[in-house]
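Okay, so here's the structure we're looking at.
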Amino acid sequence: MDITSATDTAFGSFRTLWNWRFLAWALTVRDIKLRYKQTVLSFGIIILRPLLSAVIMAFVLGSVANLSTGDIPIFVFGFVGSIIWFYFSYALSNSAMSLLKESDTISKVHVPHFIPVLAGTLSTYVDFLVSFVVLVAYLLVSGFVPGWTIILAPVIALGTPLTVLAYSLFLAPLTGLFRDFRELTNLILQFLLFLTPVYYPFDKVPALFQPVLALNPALWVIELFRASVLGQMTCDPFWIWVSLGSTLVCCLIGIRFFRALDRVLIDFL
Numbered sequence: 002m003d004i005t006s007a008t009d010t011a012f013g014s015f016r017t018l019w020n021w022r023f024l025a026w027a028l029t030v031r032d033i034k035l036r037y038k039q040t041v042l043s044f045g046i047i048i049l050r051p052l053l054s055a056v057i058m059a060f061v062l063g064s065v066a067n068l069s070t071g072d073i074p075i076f077v078f079g080f081v082g083s084i085i086w087f088y089f090s091y092a093l094s095n096s097a098m099s100l101l102k103e104s105d106t107i108s109k110v111h112v113p114h115f116i117p118v119l120a121g122t123l124s125t126y127v128d129f130l131v132s133f134v135v136l137v138a139y140l141l142v143s144g145f146v147p148g149w150t151i152i153l154a155p156v157i158a159l160g161t162p163l164t165v166l167a168y169s170l171f172l173a174p175l176t177g178l179f180r181d182f183r184e185l186t187n188l189i190l191q192f193l194l195f196l197t198p199v200y201y202p203f204d205k206v207p208a209l210f211q212p213v214l215a216l217n218p219a220l221w222v223i224e225l226f227r228a229s230v231l232g233q234m235t236c237d238p239f240w241i242w243v244s245l246g247s248t249l250v251c252c253l254i255g256i257r258f259f260r261a262l263d264r265v266l267i268d269f270l
């Protein structure tokens with residue numbers, strides 16, 4: 002089977018993608034095992050990163066900038082946002098680098114190149130679950146009892162891979178062709194952190210800039226996740242639909258972009 006035709010067929014039919022689900026699952030499981038094999042600090046780092054980020058941003062935005070998050074303590078607001086944000090950022094970094102990481106497999110086995118990109122968005126869900134358990138424990142201990150909608154949070158978080166693909170369908174093939182594009186992923190994440198309402202409420206953004214920020218594919222999953230945990234959203238539902246629509250459009254364009262570069266990828270991996 003020709004590699005290009007295999008990839009084209011995979012993109013052209015959901016049935017074909019379904020047929021490759023076992024490979025995607027195998028790559029996901031292998032990535033999880035490699036990440037936690039013979040490690041001591043992995044779980045600690047997973048927990049400390051969002052926790053420390055929330056502490057620092059709560060100090061900067063709350064004490065220095067006097068930013069208000071309404072009835073929700075600014076640390077709790079930021080901690081919830083950082084949990085889903087770090088899931089998104091880990092998944093994007095992993096997915097963008099997936100073709101390079103799987104270059105040996107891709108060069109030897111005729112599989113759709115999209116599969117490693119997809120698997121790269123899934124393996125970090127375990128990291129998210131660990132952080133989410135800590136978040137729930139903290140909320141209960143601190144006396145902030147979430148509503149029943151919190152049970153929807155892990156389900157909403159499953160939309161993160163779709164959000165990640167809106168970016169990684171562009172970044173993964175570019176990183177495969179040009180190695181220095183891996184730095185572009187880090188740069189994009191740095192910009193997105195400030196363009197996404199992770200640590201600040203969306204309704205605090207001036208109305209003039211809200212339509213621009215709503216085009217960010219990461220907005221809808223972060224807002225819905227936080228709403229499921231805290232019981233309130235910081236933006237109008239209209240902007241959620243705008244963000245979701247932007248995600249779908251980016252994915253559709255990304256698929257065409259990926260297919261265009263996929264024809265020459267094998268010569269560079």
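Quick note: the sequence shown uses the numbering used here, first residue 2, plus one each step. Glycine included, each C-beta is placed from N, C-alpha and C at the ideal position.
Could you check if residue i belongs to the surroundings of the ligand NAP, using beta carbon to heavy atom distance under 7 Å?
| i | result |
| --- | --- |
| residue 218 | The ligand NAP is not among the ligands present in this structure, which contains no ligands whatsoever. |
Any idea if residue i is buried or exposed, counting beta-carbon neighbours within 10 angstroms, 16 or more meaning buried?
| i | result |
| --- | --- |
| residue 272 | The chain is shown only over 2 to 270; residue 272 falls outside these bounds and no answer can be derived. |
| residue 95 | buried |
| residue 257 | exposed |
| residue 253 | exposed |
| residue 207 | exposed |
| residue 165 | buried |
| residue 111 | exposed |
| residue 229 | buried |
| residue 179 | exposed |
| residue 188 | exposed |
| residue 62 | buried |
| residue 105 | exposed |
| residue 71 | exposed |
| residue 215 | buried |
In angstroms, rounded to a whole number, what distance separates the CA positions of residue i and residue j?
| i | j | result |
| --- | --- | --- |
| residue 26 | residue 123 | 9 Å |
| residue 237 | residue 193 | 20 Å |
| residue 158 | residue 264 | 33 Å |
| residue 259 | residue 134 | 36 Å |
| residue 221 | residue 140 | 23 Å |
| residue 177 | residue 147 | 43 Å |
| residue 279 | residue 49 | Examination of residue 279 is not possible in this model, given that the chain is present from 2 through 270 alone. |
| residue 149 | residue 233 | 13 Å |
| residue 125 | residue 163 | 13 Å |
| residue 154 | residue 88 | 13 Å |
| residue 46 | residue 195 | 22 Å |
| residue 36 | residue 198 | 29 Å |
| residue 66 | residue 205 | 13 Å |
| residue 83 | residue 52 | 8 Å |
| residue 55 | residue 85 | 12 Å |
| residue 32 | residue 145 | 35 Å |
| residue 97 | residue 182 | 9 Å |
Hey, could you find the ends of the alpha helix (DSSP H) residue i is sitting in?
| i | result |
| --- | --- |
| residue 248 | 238-266 |
| residue 177 | 161-178 |
| residue 122 | 115-123 |
| residue 271 | Past the edges of the chain, shown from 2 to 270, lies residue 271, and the structure says nothing about it. |
| residue 29 | 22-37 |
| residue 85 | 75-97 |
| residue 158 | 154-158 |
Whole-angstrom Cβ separation of residue i and residue j, contact assumed at under 8 Å?
| i | j | result |
| --- | --- | --- |
| residue 58 | residue 200 | 4 Å |
| residue 116 | residue 24 | 5 Å |
| residue 93 | residue 190 | 7 Å |
| residue 224 | residue 239 | Not confirmed; about 12 Å, so no contact. |
query: Where are the alpha helix (DSSP H) runs, 4 residues long or more, that stay fully inside the stretch 176-231, in chain order?
result: 182-196, 211-215, 219-231
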